[in-house]
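For the record, the sequence lines run as chains A and B.
Read in order, the letters of the first sequence correspond to residues 1 to 416 in this note's numbering.
Read in order, the letters of the second sequence correspond to residues 417 to 832 in this note's numbering.
2 protein chains.
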Amino acid sequence: MRQLTAIGFETDLRQTSGQPLVIGAYRPPGGGARLPHILFYGHYDVQPADPVDLWTSPPFEPQIRTSRTGKDSIFARGACDDKGQLMTFIEASRAWLAVHGVLPFRLTVMLEGDEEGDASHLDRYLAAHAADFPVDAVFICDTGMWGGNTPAIETRLRGCIGEEVTITGPRIDLHSGYYGGPAVNPIKVLSRILAAMHDAKGKVTIPGFYDGVKPIPPSLRKQWEKLKFPAKEYLADVGLSIPAGESNYSVLEQIWARPTAEVNGIFGGYRGPGSKTVLPAEATAKLTFRLVEGQKPKNVRKAFRDFVKARLPADCKAAFDGSGGESTGIAVSEDTPWIKAASRALKAEWGEPPVLIGGGGSIPVVESFKKHLKTDSLLVGFARDDDNVHSPDEKYDVECYHKGIRSWARIISELS
Amino acid sequence: MRQLTAIGFETDLRQTSGQPLVIGAYRPPGGGARLPHILFYGHYDVQPADPVDLWTSPPFEPQIRTSRTGKDSIFARGACDDKGQLMTFIEASRAWLAVHGVLPFRLTVMLEGDEEGDASHLDRYLAAHAADFPVDAVFICDTGMWGGNTPAIETRLRGCIGEEVTITGPRIDLHSGYYGGPAVNPIKVLSRILAAMHDAKGKVTIPGFYDGVKPIPPSLRKQWEKLKFPAKEYLADVGLSIPAGESNYSVLEQIWARPTAEVNGIFGGYRGPGSKTVLPAEATAKLTFRLVEGQKPKNVRKAFRDFVKARLPADCKAAFDGSGGESTGIAVSEDTPWIKAASRALKAEWGEPPVLIGGGGSIPVVESFKKHLKTDSLLVGFARDDDNVHSPDEKYDVECYHKGIRSWARIISELS
């Protein structure tokens, strides 16, 4: 907040249901009503430093040392995620103002304190105060580069819905001696449903599941192919060797651009030691569906429930619990002026054009901005894969910090 | 033991690894080496009387009252299971000896104290002392009548093997945002295997599973059809309406004469409250297979394991735990001299021929006798469905007691 005040931003601390929100507002001379209004988002909270023993230097006393890759790096909790990254934008703004005296847009800086915790605080705040933020674009600096040196803009995030289903058969657990055979077994019913959810090629078979899913643009597919993602090593790293998703998509496409139906947990019947000849009264599965842009969470949920009901023996019941939440998948069009400007700027700084990458998971705040402010986010970040984010010895390379600042300065220039 | 001594049997208390075994030996004058040697088995232990509050009279103070069906009944814990039932044979022996002075066979009465508990005590004892019991037949009075008034001989008992399988995929739990799609999901692999275990008609699809299973003799099928088993009510009683077993067999046949593959429990991944976007590293199912005569437990276990392995993706592993035990299915030939004799006797006493019934579960002692003494058991009993066995107000109808004694006397007569 002091940094923002120091460069002439009007700062403010807003109370939310969680940690306070740091706001810094910059308006060009005359108010700049005709200039675009940019919201820059970062977060000041960090993951706990535990286990502190594993840190080489104290986590909250930043130190510049040479990292294992031979680069000068800032070591500290939050050095990368997200204090170092958010400072690249603030330093770029400071430098630009020092040289030019004025930024080519209206700017609201928003730094939250619940990114690592409960995303619902900011979501609620934005829902209630959307009118305070009539912005044209959101810039976020909380993502990474590709392979260490190639700049990247994240344009795709998968959404997610959580769902639980409990199949009930007999009204009580039964003895398999007396009922084994004629009595329906809810575990078998559930297994059959889960097994039927995918075909042999890994495609989800739930009718309507893919409704609204757009094909991956051929230009993007080509770009991703060129990344030569080491799918084999990616799987080998977790002990696997065979891509299990849709066989007509590459591993990278499966993660970045294709929806999934996943079983996260299952339980039913006897789970203690040894054997018990019981036929269980019920069985439960917990599922999540990763969604891509175009899929409607409510429709997917309904499609799944219909799929279950259609496979239910007449004397079984299914109960659903949808309290696992839902978020939509996001894909930012590749040809917005913001992405074009950022692409030119990043190419100029890093010597090669940025790749448009995806993220397999969700970033809740991106959805909150989309939902409440009706605004797409431009996700540009300079983290490297070896930055130990969330782990001991978190670091941020000085090179990334400097070139990150220059990248934002070039983006500001592009928007002039 | 006093009762056995009182009628002239030589009694003995044998130590086992559990409760002591009461033995009563009768030898006709001269030793009766040419006469058959019968082992009569019963058990003196009972289920706990809890909840005692729900008993009309104290559980260990026998009382004769009119039951809900208007019959005089002996109310007490064990009145039926198995003190009352075993006394029918002892009283018949006492009466026969009083009248004729000599029984037409050598007889060893064996009353154990671990029937309701751990069957392995007697099994171990019989394994170690088989030579002490060179018997020709085992008579057991611990089963029921059919529909209240039709005498029954139980000739079929299903065996059981317990098996556990754990499917392992990735070496750790994974985040479904980063790996959802390409990473194989052990819950899905397990579900597919369990779902494939039966076809649409309820038949087990595991190759070799039915090896050795003999068709149900047409005469027996016809006899069972005549029983008009109320399958609809049997299922409705536990909240079901559709027989889920092999569709070309009746519910009664499914329980009495057909093997099954049952899932008794399943677990894997996240099972706590709410939702978690985890892809689990492993999933486990507990299974039991009910077996009929002719199936070899070891072969069935191997067939299942082969079935699992054949469906395993190359980067998944399956671990098996076979410590759940195994027992073979038993079917006593319908035309042994013992069954023929008992059938004539029971028809004479009850006015109609006995039905040859099955029991869906196992009676471990029957298998122990078969295994260690190489002897089939003749299971004749006079329990009624409303006897509240194992429950408060257990009873045994005086009519069953009297006619049971007379039934055994008639069987003894048939063996003369």
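The beta carbon of each residue, even a glycine, is placed where N, CA and C say it ideally should be.
task = Could you name the residues of the region 240-274 of chain A whose beta carbon sits closer than 7 Å to any beta carbon of chain B, in the order they occur along the chain?
result = L240, S241, I242, P243, A244, G245, V251, Q254, I255, R258, T260, E262, V263, N264, G265, I266, F267, G268, G269, Y270, R271 and G274
inquiry  = Quick check: the Cα distance between S303 (chain A) and T16 (chain A), rounded to an integer number of angstroms?
reply    = The sequence shown places Ala at residue 303 (chain A), rather than the Ser named in the question. Roughly 36 Å separates the two Cα atoms.
task = Look up F785 (chain B) in the DSSP assignment and say whether it is helix, strand or coil.
result = Reduced to three states, the DSSP call for F785 (chain B) is helix.
query = Along the region 781-804 of chain B, what residues have a CB closer than 7 Å to any CB found in chain A?
reply = none
task = Look at the alpha carbon of E662 (chain B) and the alpha carbon of V708 (chain B), and state the distance between them as a whole number of angstroms.
result = 14 Å
query = If the cut is a Cβ gap below 8 Å, which residues of chain A does K756 (chain B) touch?
reply = Simply none; closest approach about 28 Å.
key: Within chain B, the residues that K286 (chain A) reaches when beta carbons sit closer than 8 Å   = Chain B residues near K286 (chain A): G685, Y686, R687, S691 and K692.
query = Looking at F40 (chain A) and V109 (chain A), is the spacing between their C-beta atoms short of 8 Å?
reply = yes
query = What are the boundary residues of the alpha helix (DSSP H) that includes Q295 (chain A)?
reply = It is not in any alpha helix (DSSP H) - Q295 (chain A) carries neither H nor E in the DSSP assignment.
key: Between the CA atoms of V462 (chain B) and D497 (chain B) - distance to the nearest angstrom   = 7 Å
query = In its own chain, which residues sit with a C-beta less than 6 Å from the C-beta of H175 (chain A), not counting the 5 before and 5 after it?
reply = none
ask   = Is there at least one Cβ from chain A nearer than 8 Å to G628 (chain B)'s Cβ?
value = In terms of beta-carbon proximity, G628 (chain B) stays away from the interface with chain A, with every pair separated by 8 Å or more.
request  = Would you tell me roughly how many angstroms separate the C-alpha atoms of A331 (chain A) and F369 (chain A), rounded to the nearest one?
outcome  = 13 Å
query = Under 8 Å, do P567 (chain B) and W824 (chain B) count as touching if we go by C-beta distance?
reply = Contact flag unset, no.
key: Strand pairing of Q463 (chain B), partner residues [DSSP]   = None, per the DSSP bridge assignment.
ask   = Which residues share a DSSP beta bridge with Q479 (chain B)?
value = B:F491
query = Would R572 (chain B) pass as a contact of G774 (chain B) if the rule is Cβ separation under 8 Å?
reply = yes
key: Alpha-carbon to alpha-carbon, P392 (chain A) and L126 (chain A)   = 33 Å
key: Rounded separation between D813 (chain B) and S489 (chain B) - CA only   = 4 Å
ask   = Going along chain B, which residues have a C-beta under 8 Å from N461 (chain A)?
value = Because chain A is modelled from 1 through 416, residue 461 (chain A) falls outside the range shown and cannot be assessed.
task = Check the DSSP bridge columns for W146 (chain A) and list the partner residues they point to.
result = A:T150
key: Pairwise C-alpha distance: P602 (chain B) and H672 (chain B)   = The residue asked about is misnamed: residue 672 (chain B) is Trp in this sequence, not His. Going from the Cα of W672 (chain B) to the Cα of P602 (chain B) covers about 35 Å.
query = Is the CB of K604 (chain B) under 8 Å away from at least one CB in chain A?
reply = With respect to chain A, the C-beta atom of K604 (chain B) has a partner C-beta closer than 8 Å.
Bridge partner(s) assigned by DSSP for E507 (chain B) = BP columns for E507 (chain B) are empty, so no partner.
key: For C160 (chain A): DSSP bridge partner residues   = A:R290 and A:S327
Bounding residues of the alpha helix (DSSP H) (the contiguous stretch that carries K763 (chain B)) = P753 to W766
query = Between the region 724-739 of chain B and chain A, which residues of the former have a C-beta closer than 8 Å to a C-beta of the latter?
reply = P729, A730, D731 and S739
ask   = CB-CB under 7 Å to W512 (chain B), same chain, minus the five flanking residues each way: which ones, in chain order?
value = L519, A825 and I828
task = Check whether the region 682-699 of chain B touches the region 601-619 of chain B, taking contact to mean three or more Cβ pairs, one atom from each stretch, closer than 8 Å.
result = yes
Within chain A, the residues that L420 (chain B) reaches when beta carbons sit closer than 9 Å = None at all; the shortest Cβ gap to chain A is about 32 Å.
key: Nearest candidate by alpha-carbon position, reference K787 (chain B), set B:R721, B:Y686, B:S666 and B:S743   = B:S743
key: Integer-rounded CB distance, given that H43 (chain A) should sit under 8 Å from E112 (chain A)   = 5 Å
task = Output yes or no for whether 8 Å exceeds the beta carbon distance between E579 (chain B) and R706 (chain B).
result = no
query = Buried or exposed: where does F60 (chain A) fall if 16 or more other Cβ atoms within 10 Å of its Cβ makes it buried?
reply = Classification for F60 (chain A): exposed.
ask   = Assuming V694 (chain B) contacts Y686 (chain B) under a Cβ cut-off of 8 Å, what Cβ separation, rounded to an integer in Å, is found between them?
value = So it is a contact: roughly 5 Å between Cβ atoms.
key: Cβ contact check for the region 649-661 of chain B and the region 304-316 of chain A: 3 or more pairs under 8 Å   = yes
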